[in-house]
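Note that the working numbering has the sequence shown beginning at -7, numbered continuously upward. Taking it in order: structure first as structure tokens, then the write-up.
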Amino acid sequence: MANPVIHFEIGGRDLTRMTSFYGELFGWNPQPAGPEYALVPAGTSGGLGGGLLQTSGEMQPYVTVYVAVDDLRAMLDRAAALGAKTVVTPTMIPGVGEFALFADPDGNVIGLLHQQAEAVAS
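Structure follows, in structure tokens:
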């Protein structure tokens, strides 16, 4: 796969409830990664790691995936040419890299992630 899915994210209104729910349901062990975020380790059975985000304000609950890309701006431009709309412009995540979000022609929100070399190596 040229640009693999490398991360999933589930957003909901109550982080404590989400970590409890997904921990009980799937046996996940979410680890705190900030006041409104928990990382879900990939585990040893080859699964994909992800995160749980507590939404706030007008932000609705959601589920999305993040795809690895080398050039966020070029990929957003390509997506736009194919009918997508940018939802979040390239934004830095300290120690991780840069992400952006777009909505495909059907409204599905997909994340793009350009990881820093140090983050990929670890």
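Positions of the beta carbon are idealized from the N, C-alpha and C atoms, including for glycine.
In the DSSP annotation of this structure, residue 95 is not part of any alpha helix (DSSP H); the continuous beta strand (DSSP E) holding it starts and ends at 89 to 95. Taking 3 residues as the shortest admissible run, the segment 36 to 93 contains the following complete beta strand (DSSP E) segments, listed from N- to C-terminal end: 42 to 46, 54 to 60, 77 to 85. Judged by beta-carbon spacing, residue 41 lies beyond the 7 Å limit of residue 55, meaning their Cβ atoms are not closer than that value. Residue 26 sits in coil when the DSSP states are folded into three classes, being neither helix nor strand. According to the DSSP assignment, residue 15 belongs to the alpha helix (DSSP H) that extends over 7 to 18. The segment 65 to 76 and the segment 87 to 101 touch, with three or more beta-carbon pairs separated by less than 8 Å.
According to DSSP, residue 4 shares a beta bridge with 46. Put simply, of 106, 46, 83, 21 the residue whose alpha carbon is nearest the alpha carbon of residue 28 is 46. Taking the Cα of residue 1 as reference, the smallest distance to any Cα among 107, 109, 102 is reached at 102. Going by DSSP, residue 103 is part of the beta strand (DSSP E) stretching over 101 to 107.
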